[in-house]
Amino acid sequence: MQASSIIVLGGPSAGKTVYLAALYHHLWKGYDTMVMRAGNGTTHSELLKTAEDIVSGHLPPATQALRHYDFELEHNGRLYHLHYLDYPGELFRKVFYEMAVDADEARQLHEICVHAAGVLVLVDPKSVGDLAYDVDYALSNLLRYYRENAADPKFVIALTKRDENQDLVKDGVAVFMKHRLPHTARLLGRGARLMHFSSIIRSPLSIQLAGPHVVSAPLESVIAAIHEEAHQEDLLRVLRRATTKAVLRGIAVKLGIGLALLIAAALCFLLGVWARHLTG
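Pasting the structure below:
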């Protein structure tokens with residue numbers, strides 16, 4: 000079976016690099032039922048070094064250019080292709096807000112988004128507060144992009160930096176989305192998978208990586224959504240097969256009854272002819 004593809008995207012200031020480093024730190028050795036493997040040793044070493052730097056108090060600088068990371072993700076024995084796009088927040092704005100796909104990086108970002116089974120979008124609530132209309136327009140364009148391309152990936156919106164901006168989301172993620180990102184919330188519809196989490200935990204004296212259950216939660220939510228759809232598709236296939244069998248059985252029964260009636264009518268006719276022959 001072909002592995003499903005999962006894409007991780009992020010808006011401006013979403014903490015994409017920090018999240019990736021924390022995620023890989025926790026998952027490359029395996030956590031619970033999930034294991035994450037980098038596509039090459041250079042990426043492996045780089046991400047583990049970034050995680051060490053974060054714990055030492057050195058956060059990575061803002062991303063200056065598009066980087067495309069590929070990982071193999073195993074969850075409960077199933078394999079997934081995890082594509083992680085780390086890029087300047089301005090590139091996300093350029094592609095999905097300005098709709099300007101006129102440079103190599105923009106075209107690459109645009110094309111990578113096509114064949115995903117799941118999409119995890121990281122959003123910094125503070126950036127939404129500062130640029131609510133811009134972020135809402137960009138995210139709703141992303142959703143429309145998939146609809147126009149007859150694609151239906153499973154979306155998870157994960158608000159980041161909970162340790163810094165919990166007050167902005169004090170009434171809950173759904174309420175925050177409805178008021179700050181109304182068009183995106185409307186396109187996602189009811190039952191959208193939403194969450195608010197932190198990749199790191201800051202204190203006056205230190206920075207720690209959030210626990211593996213916290214960091215992996217957004218990704219597990221995407222996988223759960225993909226599994227749920229796959230289960231529903233399997234159920235529909237079973238129901239279709241059962242319906243087809245029932246219809247065929249019904250046809251067979253009707254044909255059997257029709258044939259029996261035909262045979263009975265033929266026998267009655269022959270008996271009638273034979274009786275007339277005897278009395279004639």
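Residue numbers 0 to 279, in numbering that gives the first Met the number 0, belong to the letters of the sequence shown in order. The beta-carbon is built from N, C-alpha and C at its ideal position, and this holds for glycine as well.
- His114 carries a coil assignment under DSSP once its states are collapsed to helix, strand and coil.
- Ile111 and Asn164 have their C-alpha atoms spaced approximately 31 angstroms apart.
- Rounded to the nearest angstrom, the gap between the Cα atoms of Leu22 and Val214 is 6 angstroms.
- Judged by their CB atoms, Gly9 and Val120 are nearer to each other than the 8 angstroms cut-off.
- Ranked by how close their Cα comes to the Cα of Leu26, the residues His57, Ser44, Leu72 have Leu72 in first place.
- Listed in chain order, the non-local C-beta contacts of Val17 below 7 angstroms within the same chain comprise Ile53, Leu58, Pro59, Ser198, Ile199, local neighbours out to five positions each way being set aside.
- The Cβ atoms of Val168 and Pro124 sit closer than 8 angstroms to each other.
- Short of 7 angstroms from the beta carbon of Thr42, and not among the five residues preceding or following it, lie these beta carbons of its own chain, in chain order: Tyr68.
- Bridge partners of Tyr68 according to DSSP: Tyr83.
- According to the DSSP assignment, Gly40 belongs to the alpha helix (DSSP H) that extends over 40-54.
- Ile256 has no beta-bridge partner at all, per DSSP.
- Look at Ser205 here: in three-state DSSP terms it is coil, with no helix or strand label.
- Counted as a single uninterrupted DSSP element, the stretch harbouring Val168 is not any beta strand (DSSP E), since DSSP gives it neither H nor E.
- The three-state secondary structure of His57, taken from DSSP, is coil.
- Non-local beta-carbon contacts of Gly38 in its own chain, meaning distances under 8 angstroms to residues more than five positions away in sequence, involve Tyr68, Asp69, Phe70, Glu71 in chain order.
- When rounded, the separation of the alpha-carbon atoms in Gly190 and Leu142 is 16 angstroms.
- Arg185: member of the alpha helix (DSSP H) spanning 181-187, first to last residue.
- In the DSSP annotation of this structure, the continuous segment of the alpha helix (DSSP H) that includes Lys15 starts and ends at 15-26.
- Collapsing the DSSP output to three states places Ser139 in a helix.
- Pro217 sits close to Met194, with the two beta carbons spaced by under 8 angstroms.
- In its chain, beyond the 5 residues on either side, Leu26, Glu73 have a beta carbon closer than 7 angstroms to the beta carbon of Val34.
- Taken atom to atom, the span from the alpha-carbon of His226 to that of Arg77 is near 10 angstroms.
- For Lys153, the secondary structure class from DSSP, reduced to helix, strand or coil, is strand.
- A distance below 8 angstroms separates the beta carbons of Arg192 and Val155.
- The Cβ-Cβ distance between Ser205 and Gly117 does not fall below 8 angstroms.
- Apart from sequence neighbours up to five positions away, the residues of its chain that approach Ala50 with a beta-carbon distance below 8 angstroms are Ala20, Ala21, Tyr23, His24, Leu208, ordered along the chain.
- Leu258 and Ile222 have their C-alpha atoms roughly 53 angstroms apart.
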